[in-house]
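Visitor:
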Amino acid sequence: MRIFDKKDKMVTLIRTNYHLLPVINRFGIRLGFKDKTIEEICDQHKISSDFFLAIVNTFHNEDYFPEEELLSFSPHLIVRYLKRTHQYYINYILPKMESLLEQLNNDCSPNCKELKIIDAFYKRYKDELLNHINDEETRVFPYVVELINNPRSMDPNFTITEFEKEHSNVEIQLEDLKNLIIKYIEPVYDENICNEFLITLFRFEADIKDHARIEDAILVPLAIAIEDKYRG
Ligand SMILES: [Fe+2]
Ligand SMILES: [Fe+2]
Numbered sequence: 001m002r003i004f005d006k007k008d009k010m011v012t013l014i015r016t017n018y019h020l021l022p023v024i025n026r027f028g029i030r031l032g033f034k035d036k037t038i039e040e041i042c043d044q045h046k047i048s049s050d051f052f053l054a055i056v057n058t059f060h061n062e063d064y065f066p067e068e069e070l071l072s073f074s075p076h077l078i079v080r081y082l083k084r085t086h087q088y089y090i091n092y093i094l095p096k097m098e099s100l101l102e103q104l105n106n107d108c109s110p111n112c113k114e115l116k117i118i119d120a121f122y123k124r125y126k127d128e129l130l131n132h133i134n135d136e137e138t139r140v141f142p143y144v145v146e147l148i149n150n151p152r153s154m155d156p157n158f159t160i161t162e163f164e165k166e167h168s169n170v171e172i173q174l175e176d177l178k179n180l181i182i183k184y185i186e187p188v189y190d191e192n193i194c195n196e197f198l199i200t201l202f203r204f205e206a207d208i209k210d211h212a213r214i215e216d217a218i219l220v221p222l223a224i225a226i227e228d229k230y231r232g
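Going by the UniProt record's numbering, the first residue of the sequence shown is number 1, and it counts up by one from there.
1) Could you name each continuous alpha helix (DSSP H) segment of 4 residues or more that falls completely within the stretch 121 to 152, going from the start of the chain to the end?
2) Put Lys229 into one of helix, strand or coil per three-state DSSP.
3) Out of Asp135, Asn179, Glu175 and Ile181, which has the shortest C-alpha to C-alpha gap to Glu164?
4) By the 10 Å Cβ neighbour count, where 16 or more other Cβ atoms means buried, how is Asn57 classified, buried or exposed?
5) May I ask whether a heavy atom of ligand 1 can be found less than 7 Å away from the beta carbon of Leu180?
6) Is Ala217 near ligand 2, judged by its Cβ being under 7 Å from some heavy atom?
7) What I want to know is whether the C-beta of His132 ends up closer than 7 Å to one or more non-hydrogen atoms of ligand 2.
8) Out of curiosity, what's the CA-to-CA distance linking Glu173 and Pro156?
9) Would you mind stating whether Pro75 and Ile193 have Cβ atoms separated by less than 8 Å?
10) Hey, is Met10's beta-carbon within less than 8 Å of any beta-carbon in chain D?
11) I'd like to confirm something about Ser82: is its beta-carbon nearer than 7 Å to some heavy atom of ligand 1, or not?
12) Assuming Cys42 is part of the alpha helix (DSSP H), what are its boundary residues?
13) In angstroms with no decimal places, state the Cα-to-Cα distance between Ile55 and Ser109.
14) If you follow the alpha helix (DSSP H) that His76 is part of, which residue opens it and which one closes it?
15) Is it the case that the Cβ atoms of Thr200 and Lys96 are separated by a distance below 8 Å?
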């Protein structure tokens with residue numbers, strides 16, 4: 001699978017992988033690129049093209065993970081990107097999934113027991129995900145930012161590994177939700193809406209795995225490096 005570089009046209013990026021659309025939006029980049037290259041568009045938005053490419057290539061290619069390069073970027077940049085990703089999940093993905101689930105439920109009759117189970121399962125997943133995001137936004141990210149700004153005054157009683165909870169729970173629940181639909185839904189549903197719901201789940205799963213990979217392999221090691229350096 002290809003790796004994009006600065007001289008590639010932005011239009012090529014999107015034509016190669018349209019799933020990158022929300023990723024570029026997280027950088028404040030919108031359509032209307034004309035024939036500009038990735039470098040030109042990044043310069044125009046005052047974005048580091050190296051950082052942009054590291055994120056975009058990591059998302060595009062599962063086998064690509066420029067760990068050392070990502071570790072060299074400012075943690076502020078990484079936290080900003082991660083927060084924008086959270087906003088995308090909260091403001092767009094979750095409401096979209098809810099609206100599709102509601103349509104599925106409304107179009108189903110007479111009692112659609114399995115859909116009610118799927119609905120309850122989705123709600124549990126959503127609560128778990130929102131708790132996880134809230135924990136990161138209120139505890140993990142502020143801790144990392146404080147660590148960078150004032151490493152000498154870090155609280156000796158805390159470490160990043162106590163803060164950042166494992167991602168496996170959230171991932172397993174999403175996998176279960178997908179399986180529940182694929183394996184057990186009764187065939188009395190609106191197929192177009194159900195497909196749309198499932199496709200949204202698959203895309204979201206790919207996005208959130210990429211997100212968790214950046215948190216686990218970049219943000220956490222960055223924080224550990226600062227903790228180790230200043231705790232001696
Ligand atoms: Fe996160
Ligand atoms: Fe996370």
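For every residue, glycine included, the Cβ atom is placed at its ideal position computed from N, Cα and C.
Guide: Based on what the coordinates show:
1) 141 to 149
2) helix
3) Asp135
4) buried
5) no
6) no
7) yes
8) Correcting the residue identity first, residue 173 is Gln in this sequence and not Glu. Straight-line Cα distance between these residues: approximately 34 Å.
9) no
10) Annotation note: the requested chain D is absent from the structure, which comprises a single protein chain.
11) One detail in the question is off: residue 82 reads as Leu in this sequence, not Ser. Yes.
12) Ile38 to Gln44
13) 44 Å
14) Pro75 to Tyr88
15) yes
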